[in-house]
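Visitor:
In my numbering, the protein residues as written are 5 to 296.
Next up, the structure:
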């Protein structure tokens with residue numbers, strides 16, 4: 005058996021899975037976006053009617069605005085937090101292993117269980133977070149995580165900041181991969197502290213940071229789904245924490261409006277592609293400027 009045939013046989017399961025589980029459903033979703041389909045009767049072609057309804061839907065406008073705001077706030081915070089922890093915990097020390105485990109542990113918890121845990125933590129009356137805040141904060145300044153729209157959105161962002169294990173591990177490896185000779189040479193030149201961070205560490209880690217930024221942008225719509233479904237149920241009313249994934253889920257599986265949900269999915273895909281394209285252009289400009 006020649007090497008090309010072996011390679012084809014090895015790739016066959018992956019290619020079949022890609023076709024059946026990714027490309028096939030994607031094509032079906034694209035077709036349903038232009039149809040009226042409720043899973044019971046036959047699909048009926050309606051052209052751009054679903055997109056016209058999306059343009060006038062207050063729920064969709066709120067979901068789109070919430071999703072874009074979440075991505076703009078949560079992605080930089082997640083990346084900065086993971087970077088800070090990676091720079092803090094890259095050295096070998098007795099307690100560093102325990103700290104690394106603590107950072108990665110929340111990601112190992114099933115998402116629904118994670119959401120239920122935060123439902124208890126954010127309880128305005130009896131939750132541990134507000135109990136701690138009451139010990140030193142004024143009563144009027146304590147967040148109402150489940151009943152105030154702004155506080156509820158902040159709670160969803162807060163939940164996303166504890167699921168940074170993959171980003172943290174990649175940045176930790178990237179930091180440890182930087183040769184120590186680079187810092188020795190910089191120390192000979194008298195570079196210390198912030199100068200090393202700005203001129204040595206961050207530029208050498210910039211390619212990895214750029215890739216993680218693109219990755220988190222692609223996955224940002226997924227981060228908000230389970231918390232919004234389990235913890236806030238899309239509220240406080242009417243749509244304070246209704247994000248695009250939750251909007252699609254409810255229209256497809258609760259209201260059986262698969263065509264309408266497919267149209268919203270295409271809009272979500274276009275928003276993700278536009279954000280990734282913009283970031284890619286910025287990364288290319290940075291790359292051409294600094295030569296990495």
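From the three backbone atoms N, C-alpha and C, an ideal C-beta is built for every residue, glycine too.
1) Just the Cα atoms here: how many angstroms apart are residue 82 and residue 169?
2) Could you tell me the alpha carbon to alpha carbon distance between residue 56 and residue 69, rounded to whole angstroms?
3) Between the alpha carbons of residue 206 and residue 80, how many angstroms are there, rounded?
4) Sorted by chain position, which residues of the same chain lie with C-beta nearer than 7 Å to residue 146's C-beta, five sequence neighbours on each side aside?
5) Could you check which residue in 65, 238, 201 has the C-alpha nearest to that of residue 190?
6) Taking the alpha-carbon positions, what's the residue 193 to residue 90 distance?
7) With distance defined between alpha-carbon atoms, name the residue in 261, 214, 74, 29 nearest to residue 53.
8) Roughly how many angstroms separate the alpha carbons of residue 67 and residue 44, rounded to a whole number?
9) For residue 269, count neighbouring Cβ atoms within 10 angstroms of its own Cβ and tell me buried if that reaches 16, exposed if not.
10) Per the DSSP calculation, residue 49 is bridged to which residue(s)?
11) How is residue 259 classed by DSSP in three states: helix, strand or coil?
12) By how many angstroms is the C-alpha of residue 166 removed from the C-alpha of residue 113?
13) Identify every run of the alpha helix (DSSP H) within the segment 81-160, keeping only runs that are complete inside it and at least 4 residues long; order them along the chain.
14) Determine the DSSP secondary structure at residue 250, reduced to helix, strand or coil.
15) Where does residue 228 land, buried or exposed, given buried means 16+ other C-beta within 10 angstroms?
16) Let's see if you can read the secondary structure: which residues bound the alpha helix (DSSP H) around residue 21?
Guide: Put simply:
1) 10 Å
2) 18 Å
3) 15 Å
4) 134, 137, 138
5) 201
6) 25 Å
7) 261
8) 27 Å
9) buried
10) 39
11) coil
12) 11 Å
13) 100-112, 115-125, 132-138
14) helix
15) buried
16) 7-22
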